[in-house]
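Since the structure comes first, as C-alpha cells, the remarks are kept for the end.
2 protein chains.
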Amino acid sequence: MAYKTEHITQRLRAAREAQKMSQRELSARSGLTQSHISQIERGTMEPGLGSLVDVARALDLEIVLAPKKLMPAIRNILDSAPASSDVPTSNQRKLVGRLERWFAEHRGAFGSASEADTFKDSLALLRHLPLSAEEMDTFKEATARLDRWLADPPSRQELSRTAHAVRHLRNAAVHRDRDDALPRSAYALDEEDDNA
Amino acid sequence: MAYKTEHITQRLRAAREAQKMSQRELSARSGLTQSHISQIERGTMEPGLGSLVDVARALDLEIVLAPKKLMPAIRNILDSAPASSDVPTSNQRKLVGRLERWFAEHRGAFGSASEADTFKDSLALLRHLPLSAEEMDTFKEATARLDRWLADPPSRQELSRTAHAVRHLRNAAVHRDRDDALPRSAYALDEEDDNA
DNA sequence: GCGAACCATACAGGATAATATATAGCGAAT
DNA sequence: ATTCGCTATATATTATCCTGTATGGTTCGC
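Chain order of the listed sequences is G and E.
Per my numbering, the first sequence starts with residue 116, numbered consecutively.
Per my numbering, the second sequence starts with residue 116, numbered consecutively.
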C-alpha cells in the first residue's frame, strides 16, 4: 500500500538505528508516539508530511527536493559521508545479498510468515550494520549450506536454526555500542572469495 | 499552521511554475485534484507523504533525506542548476532600459493609471524574459519613435498602440511553452547598436 | 464584450493518519 | 527466574487528508 514511500521510511529507520536511538527516544524528540513511529518504520502506515519533518529534524536530517538530473551528484555527496563510522565489509554484503536472493525464491520454506518476515528484516539490517570478524565466522557457518540450498531447500528445522542464528547476529549488530570499536584488522583483505 | 512544511510546498510551486505547468496539468500527471494542489501550494493544508511523492515525481523531483551536515554541499549542487536556461539579449535589455527611463519621466502621458501600471509591469517582465529575433523586431518597430518621444510625448492613441504591443510581447514571453526553443541564431551579434 | 485558461475556495463524504493508552513478545542483564 | 528496555500490535477516538464537484474571480486572446 505504501510502496511509494518505503525507501524514505526505511531511510528514517536506518538513520535512527545508525544513531543508536530507540523509538522511545525518537518519540520524545519528535513528538510522535512510539506506536506511531513503529508503524511508520514498518510501512504499516504512511506518515503525513508534518510527521516526516518532525522525525527528520529529530534525526538531524533535512528533506530536500532535488531534480532527478542532479541525483548522481547528490548521491556522491551522500555517500562521501559515512553516516556511521563503520560499514559492513564486502564479504558481509555479498553474503547478505546471496541470502536475500535465496529468500526471494524460497520464502515459502519458512514455518510461518512472521518467521520469514523477521528473517528478511534481519537481513536488511545486516546489509548496513557491520559484524566483527568473529561474528562473520558465525554468520558464514550458520549459512554454510547455502550453495546446497540453491538447488534443494533446507528442512524446516535446519532453516529455523539458521534463522535464529541470523537474528542473533542482527541483535548483536544493532545493540553494539557506538564506541566499542569493531576489531577490524588493518590487514583485512576484503575481496577474498567466500564459500559460505 | 503548516509553517514546518512551507519551504517544501513552496519549492513544489516554484518547480511547477519553472516548468510552466498549470495546476490542472500537474493534477493530471500526479493524480491529485487541482483543488488539492492549490491548497497544498497555498499552505492551506499539509499534504501526506504519499501526495508529496506523487507530485514530486510528476515534476521530475526526488525526495532526499540528507544529514544537515551535508546541506551546504548539496545546496551548492542545487544552485548550480540553471533555473531557466535563456536570458534576454543585451539589445533587449537596452531597449527595455530606455523605455523604463522614458516612462519614469512621462508616466502622466498615459490615458489611465492602470494602463500605465500594466505598461510598467510588462517592462519589468521583459527585462528578464527573452524574446525571439522576430519578436525583437516587433519590439523595436513598436517603439521606433522613442527618440522623438524624448523631446515630445506621443499622442494618447500612439502611446496606447505601443503599450498594447508591449503587453502582447510580454504575454508571448511569459506563456511560451517550455520546449519550443527560442530561435537564437548562433551568429547573433549581441552588441550592435540599435536606434529603436 | 465574450470565451478560455488558470487559480482560489467551498462543501460533503469517505478514507486514513495521529493520539493516547495498554499489552505482549523478545532479547539481555542482574 | 525475574526484571528491564525495546519494539510490535491492538483498540478507540479525534483530526485531517483527499476526492469529487462546483463556483467565483482574474487575466488574456480574439
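Think of the CB as a built atom: it goes at the ideal place given N, C-alpha and C, for glycine as much as any other residue.
If you're wondering where the values come from, they're calculated on a predicted model, not measured in any experiment.
- Excluding residues up to 5 positions away in sequence, A173 lie with their Cβ nearer than 6 Å to the Cβ of R144(G) in the same chain.
- The Cβ neighbour count for L265(E), taken over all protein chains shown within 10 Å, is under 16; the residue is labelled exposed.
- Along the region 126-144 of chain G, the positions whose C-beta sits under 8 Å from a C-beta of chain E are R126, L127, A130, read in chain order.
- Here A133(G) carries a helix assignment [DSSP, helix/strand/coil].
- Interface flag for S166(G) against chain E is set, since a Cβ pair is found closer than 9 Å.
- Around the beta carbon of S150(E), a 10 Å sphere encloses fewer than 16 other beta carbons of the protein chains shown; the residue is thus reported as exposed.
- Using a Cβ-Cβ cut-off of 9 Å, T159(G) does not count as an interface residue toward chain E, since no Cβ of chain E sits closer than that to its own.
- Excluding residues up to 5 positions away in sequence, A278 lie with their Cβ nearer than 6 Å to the Cβ of F234(E) in the same chain.
- Nearest C-alpha to M186(E) among L176(G), E121(G), K183(G), E161(G): L176(G).
- In the structure shown, G163(G) falls within a strand segment according to DSSP collapsed to helix, strand and coil.
- Approximately 18 Å separates the beta-carbon atoms of R242(G) and L180(E); this is outside 8 Å, ruling out the contact.
- The continuous stretches of beta strand (DSSP E) do not include L141(E), which lies in the alpha helix (DSSP H) extending over residues 138-145.
- The region 211-226 of chain E makes no contact with the region 156-175 of chain E: fewer than 3 CB pairs, one atom from each, lie closer than 8 Å.
- Among the CB atoms of chain G, one or more fall inside 9 Å of the CB of A188(E).
- Residue contact check for K209(E) against chain G: no CB pair falls below 9 Å.
- When 7 Å is used as the limit between beta carbons, L147(G) is near no residue of chain E, the shortest such separation being about 13 Å.
- Contiguous alpha helix (DSSP H) elements confined to the region 233-278 of chain E occur at 248-257, 261-266, taking only those with 4 or more residues.
- DSSP places L180(G) within a strand segment (E or B) once states are collapsed to three.
- With its beta carbon less than 9 Å from one in chain E, I192(G) belongs to the interface.
- In the structure shown, T148(G) falls within a coil segment according to DSSP collapsed to helix, strand and coil.
- By the neighbour-count criterion, in which 16 or more other beta carbons inside 10 Å mark a residue as buried, S142(E) falls on the buried side.
- By the neighbour-count definition (other C-beta atoms within 10 Å, threshold 16), T159(E) is an exposed residue.
- The Cβ of L274(G) sits no closer than 9 Å to any Cβ of chain E.
- DSSP places F225(E) in the coil class of the three-state scheme, outside both helix and strand.
- Under the 9 Å criterion on CB atoms, L261(G) is classed as non-interfacial with respect to chain E.
- Minimum Cα-Cα distance from R282(G) among the listed residues L261(G), T253(G), E132(G) corresponds to T253(G).
- Excluding residues up to 5 positions away in sequence, Q138 lie with their Cβ nearer than 7 Å to the Cβ of S153(E) in the same chain.
- Excluding sequence positions up to five before and after T120(G), its CB lies within less than 6 Å of the CB of E161, all in the same chain and listed in chain order.
- Assignment of T120(G) by DSSP, reduced to helix, strand and coil, places it in the helix class.
- Chain-ordered listing is empty here: chain G has no CB closer than 9 Å to the CB of I152(E), the nearest sitting near 14 Å.
- L167(E) and L164(G) have their C-alpha atoms roughly 8 Å apart.
- For the C-beta of A171(E), the chain G residues within less than 7 Å are, from N- to C-terminus, L180.
- Taking a beta-carbon distance threshold of 9 Å, D175(E) counts as an interface residue toward chain G.
- For K183(E), the closest Cβ of chain G is nearer than 9 Å.
- Counting the other CB atoms within 10 Å of its CB gives E273(E) a total below 16, which places it among the exposed residues.
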